[in-house]
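S.K.:
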Amino acid sequence: MAQKPGIPKGTRDFGPGELARRYYIIEVIREAFERFGFQPIETPSFENYDTLMGKYGDEGDRLIFKILNSGDFLSKVGADELAKGDANSLTPKISEKALRYDLTVPFARYVVMHQNELDFPFKRYQIQPVWRADRPQRGRFREFFQCDADVVGATGILQELEFVQLYDRVFDQLGLKGVTIKINHRKVLAGIAEVIGASDKLIDFTVALDKLDKIGAAGVEKEMLGKGLAPDAVEKVKPLLDTTMDAMGRFEKLEELLSDSEVGQEGLADLRSILEQTDALGLRASTLVPDVTLARGLNYYTGAIFEVAAPEGVEMGSIGGGGRYDDLTGIFGLKDLSGVGISFGLDRIYLVMEQLGLFPPSVDQQLDVFCINFGEAEAKAAFKLVLNLRSKGVRTDIYPNAAKVGKQFKYADKRGVPRVILIGDEELKAGNFTVREMKSGEQATFSMAQWEDFAAQLLR
RNA sequence: GUGGUUGUAGCUCAGCUGGUUAGAGCGCUGGAUUGUGGUUCCAGAGGUCGCCGGUUCGAACCCGGUCUUCCACCCCA
1 MAQKPGIPKG TRDFGPGELA RRYYIIEVIR EAFERFGFQP IETPSFENYD TLMGKYGDEG
61 DRLIFKILNS GDFLSKVGAD ELAKGDANSL TPKISEKALR YDLTVPFARY VVMHQNELDF
121 PFKRYQIQPV WRADRPQRGR FREFFQCDAD VVGATGILQE LEFVQLYDRV FDQLGLKGVT
181 IKINHRKVLA GIAEVIGASD KLIDFTVALD KLDKIGAAGV EKEMLGKGLA PDAVEKVKPL
241 LDTTMDAMGR FEKLEELLSD SEVGQEGLAD LRSILEQTDA LGLRASTLVP DVTLARGLNY
301 YTGAIFEVAA PEGVEMGSIG GGGRYDDLTG IFGLKDLSGV GISFGLDRIY LVMEQLGLFP
361 PSVDQQLDVF CINFGEAEAK AAFKLVLNLR SKGVRTDIYP NAAKVGKQFK YADKRGVPRV
421 ILIGDEELKA GNFTVREMKS GEQATFSMAQ WEDFAAQLLR
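In terms of the UniProt record's numbering, the first sequence has 142 at position 142, counting the first letter as 1, and numbering is strictly consecutive.
#1: Okay, do the stretch 32-42 and the stretch 157-169 touch, 3+ Cβ pairs below 8 Å being the bar?
#2: Taking 8 Å as the cut-off, decide whether the C-beta atoms of Ala304 and Ser318 are in contact.
#3: If contact is defined by three or more beta carbon pairs under 8 Å, each pair taking one atom from either stretch, is the stretch 262-275 in contact with the stretch 186-195?
#4: Does the beta-carbon distance from Ile25 to Leu174 come in below 8 Å?
#5: With a cut-off of 8 Å, do at least 3 Cβ pairs link the stretch 283-293 to the stretch 233-248?
#6: Classify Ser440: buried if its beta carbon has 16 or more other beta carbons within 10 angstroms, exposed otherwise.
#7: Got a sec: does the ligand NAD put a non-hydrogen atom nearer than 7 Å to the Cβ of Ile196?
#8: Among the residues of its own chain, which have a CB less than 8 Å from the CB of Lys76, if the five just before and after it don't count?
#9: At the level of alpha carbons, what is the spacing between Leu328 and Gln115?
#10: Is Leu241 near Val220, with beta carbons less than 8 Å apart?
#11: Out of Phe46, Met113, Ser45, Arg140, point me to the one whose CA is closest to Arg12's CA.
#12: Over the uninterrupted alpha helix (DSSP H) stretch that includes Glu81, give me the two end residues.
#13: Starting from the Cα of Gly357, find the closest Cα among Arg21, Glu437, Lys410, Asn388 and give me that residue.
#14: By the DSSP assignment, the beta strand (DSSP E) with Ser286 in it spans what residues?
#15: Applying the criterion that 16 or more other CB atoms from any shown protein chain within 10 Å of the CB defines a buried residue, is Asn401 buried or exposed?
#16: With H, G and I counted as helix, E and B as strand and the rest as coil, what does DSSP make of Asn184?
#17: I'd like to know if the stretch 394-412 and the stretch 362-375 are in contact, where contact means that at least 3 CB-CB pairs between them fall below 8 Å.
#18: If we count the other Cβ atoms within 10 Å of its Cβ and call it buried at 16 or more, is Thr243 buried or exposed?
#19: Measure from the alpha carbon of Leu202 to the alpha carbon of each residue in Leu189, Asp210, Glu452, then state which is nearest.
#20: Using the beta-carbon count (16 or more within 10 Å), is Ser343 buried or exposed?
#21: Mind checking which residues open and close the beta strand (DSSP E) that includes Tyr325?
#22: Hey, quick one: how far does the beta strand (DSSP E) through Lys123 stretch, first residue to last?
#23: Identify which residue in Cys371, Phe120, Arg284, Asp102 has its Cα closest to the Cα of Arg132.
#24: Which one of Tyr300, Glu235, Arg460, Leu294 has the shortest CA to CA distance from Lys182?
#25: Can you give the Cα-Cα distance for Phe205 and Met113, rounded to whole angstroms?
#26: Are three or more beta carbon pairs between the stretch 39-58 and the stretch 147-166 nearer than 8 Å?
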């Protein structure tokens with residue numbers, strides 16, 4: 001009895017057409033990473049359970065895929081414990097491994113484990129899949145690729161400036177215009193919380209603030225009150241919730257509000273200087289915008305926070321994010337090592353580019369020449385020519401058997417080949433090959449001896 | 001994890017208040033055309049109606065469960 005095949009929800013197969021486009025994006029990102037001096041690393045797809053758990057907050061823990069122990073996974077569980085049915089205390093006993101949830105925490109683990117081999121500041125990039133046990137939606141998958149660049153062991157905002165430029169270079173190369181790079185600062189958020197006397201509720205406060213776009217000022221106020229923030233504290237935040245004001249306007253309000261907060265001032269100084277210097281350096285495809293409501297990665301970011309929004313009119317969550325974490329390696333025992341990094345969401349960038357029709361046609365053309373097979377003797381000569389063309393870097397293929405010519409042409413057409421070579425008995429006798437341009441239907445005949453000229457012409 | 005939604009041919013979808021043999025377009029295969037694709041014409045193949053169970057004389061259609069899709073939360077690339 002054959003079973004019906006399927007793949008787990010939130011996962012996808014990729015066909016040749018999709019992969020050509022994905023590789024194109026990856027190549028642009030990779031080239032940019034290397035141009036900016038980052039070095040590649042890879043880490044295992046699964047880590048020890050304890051390495052990942054507790055690093056992303058309660059919500060994050062829930063979304064981590066746990067791997068069931070091999071063999072008798074119940075051997076360490078007592079009968080009474082099993083009967084209790086408490087999943088939280090049971091899980092660590094039956095699972096010692098978990099699928100990578102992001103690339104940042106594994107990187108921190110890598111840095112700590114290899115600290116004696118690394119030259120600091122260490123700049124690495126990493127392009128690998130990560131897994132989250134989330135409920136899928138458009139642009140949200142349970143298996144997806146992140147493309148991360150981080151530097152550890154470097155302080156000073158030159159790094160932040162560099163990451164903004166890196167984002168911009170990639171989006172410019174991809175032809176993705178109108179991207180917004182939003183920036184905020186963890187110390188600014190801490191400053192606001194301090195000024196309004198809600199330092200102990202920092203996370204609740206920022207999570208609520210982050211929803212301004214979605215639920216509006218009234219919704220944010222309601223959520224803050226619901227989370228137990230004092231009414232007069234919420235009142236003080238109100239000026240920041242004025243959605244009629246643009247980003248810079250709200251930024252100025254912020255400067256007023258934070259005049260008495262030392263942390264707040266530190267954050268503002270960073271932000272101001274990143275904004276000013278970026279302004280002076282210029283950006284090609286994107287805009288850098290301060291956004292007080294931006295709050296993410298609260299469990300480890302300590303300085304600047306980035307989030308990248310797709311161009312206006314495209315319905316898509318963030319296509320990138322990042323920030324500075326002063327003590328990420330601290331949890332693994334290596335203190336006082338500052339890190340900053342950003343991430344590109346490959347799968348979402350793909351969807352945005354698809355929607356905007358930004359893939360160049362050349363990406364979809366994966367074969368330069370296709371050779372028709374007319375029979376044994378003809379194919380022998382043809383195959384020689386095919387190998388010659390391939391040796392020069394021309395992407396060439398030949399039909400494996402002497403099927404009907406019409407069928408072979410149809411196949412060539414499906415593969416999107418721009419030109420077809422014909423070597424039938426006429427050409428074979430004369431020592432020629434005929435080239436048909438599929439689009440125009442024009443045909444030209446070359447002498448076999450001219451194959452190098454023909455190849456050179458294609459590669460121009 | 002919560003609430004909702006979707007599932008019929010390879011793809012996009014029809015299918016009436018439950019009624020006989022479940023349809024269309026595109027695609028696919030073959031032929032018209034044994035050295036010429038993308039146009040045209042002709043013929044053909046392809047479905048346990050997501051899966052399991054229930055109600056009924058009778059279920060693609062109604063009910064329950066389950067899986068899947070998409071959406072809103074939560075959170076996030």
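Quick reminder that beta carbons are idealized off the backbone N, C-alpha and C, glycines included.
A quick note: this is a predicted structure, and the numbers were derived from the prediction, not measured.
M.R.: Looking at the coordinates:
#1: yes
#2: no
#3: yes
#4: yes
#5: yes
#6: exposed
#7: Summarising the ligand content, the structure contains no ligands, and the ligand NAD is consequently not present.
#8: Lys93, Ile94
#9: 14 Å
#10: yes
#11: Arg140
#12: 79-84
#13: Arg21
#14: 286-290
#15: exposed
#16: strand
#17: yes
#18: exposed
#19: Leu189
#20: buried
#21: 320-325
#22: 122-131
#23: Asp102
#24: Leu294
#25: 35 Å
#26: no
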